[in-house]
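Numbering (my numbering), first residue to last: 34 to 219.
Okay, so here's the structure we're looking at.
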């Protein structure tokens, strides 16, 4: 199996466990992690874990303020970018072409280089502006994959619902998984 090079952005939206769980399924991949300042605070608050515990799941870690990091260039070849969770602020900046952080700069690179790009927004309800920004990103090749668990797999816990969404993200970037049951029809 070829190792994939995956850049993971974690922003300050609620849902830090999604990032942690996603990273835990990338153990055999080359993972480049960027956490926003707010994401570290939210991660600690929501999980009770220290930022170092999520960083340990990555091959390389970058400061979000380091817009000159190697992942900021189109010459840094990566297979996919996943922003999980993706705050509405980050989503809106990307949709508007604003690259004022390393996460938004890498997003700009992913768009211009037509790399696989998945965002996992975690917000509800969604304003018309947010929906327009999601459409703008989708039209430009971004997979917009909100945290929306299914119920056909008969989840028995929050973990089951999280695994369903993580499985969809892994599917979108071409990582085989068996985190949840697949639809077999009625």
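Glycine residues also receive a C-beta, built at the ideal position from the N, C-alpha and C atoms.
Chain-order list of residues whose beta-carbon lies under 8 angstroms from that of residue i (same chain, five-residue window excluded)
i: residue 119; result: 42, 44, 46, 152, 153, 154, 155
i: residue 185; result: 216
i: residue 208; result: 37, 58, 59, 62
Buried or exposed (CB count within 10 angstroms, at least 16 for buried), residue i
i: residue 133; result: exposed
i: residue 56; result: buried
i: residue 168; result: exposed
i: residue 213; result: buried
i: residue 123; result: buried
i: residue 198; result: buried
i: residue 170; result: buried
i: residue 126; result: buried
Beta-carbon spacing of residue i, residue j below 8 angstroms
i: residue 104; j: residue 139; result: yes
i: residue 150; j: residue 51; result: no
i: residue 67; j: residue 115; result: no
i: residue 96; j: residue 136; result: no
i: residue 205; j: residue 176; result: yes
i: residue 147; j: residue 130; result: no
i: residue 76; j: residue 84; result: yes
For residue i, the three-state DSSP class (helix, strand or coil)
i: residue 112; result: coil
i: residue 63; result: strand
i: residue 162; result: helix
i: residue 75; result: helix
i: residue 176; result: strand
i: residue 149; result: strand
i: residue 129; result: coil
i: residue 185; result: coil
i: residue 95; result: strand
i: residue 228; result: Nothing about residue 228 can be read from this structure; the chain reaches only from 34 to 219.
Residue nearest to residue i in terms of C-alpha spacing, selected from the options
i: residue 111; options: 214, 36, 212; result: 36
i: residue 202; options: 117, 158, 145; result: 117
i: residue 48; options: 210, 195, 214; result: 195
i: residue 172; options: 82, 144, 86; result: 144
i: residue 106; options: 128, 81, 142; result: 142
i: residue 211; options: 218, 108, 200; result: 200
i: residue 121; options: 54, 159, 53; result: 159
Contact set for residue i: own chain, Cβ-Cβ below 6 angstroms, skip 5 residues either direction
i: residue 100; result: 135, 138
i: residue 53; result: 87
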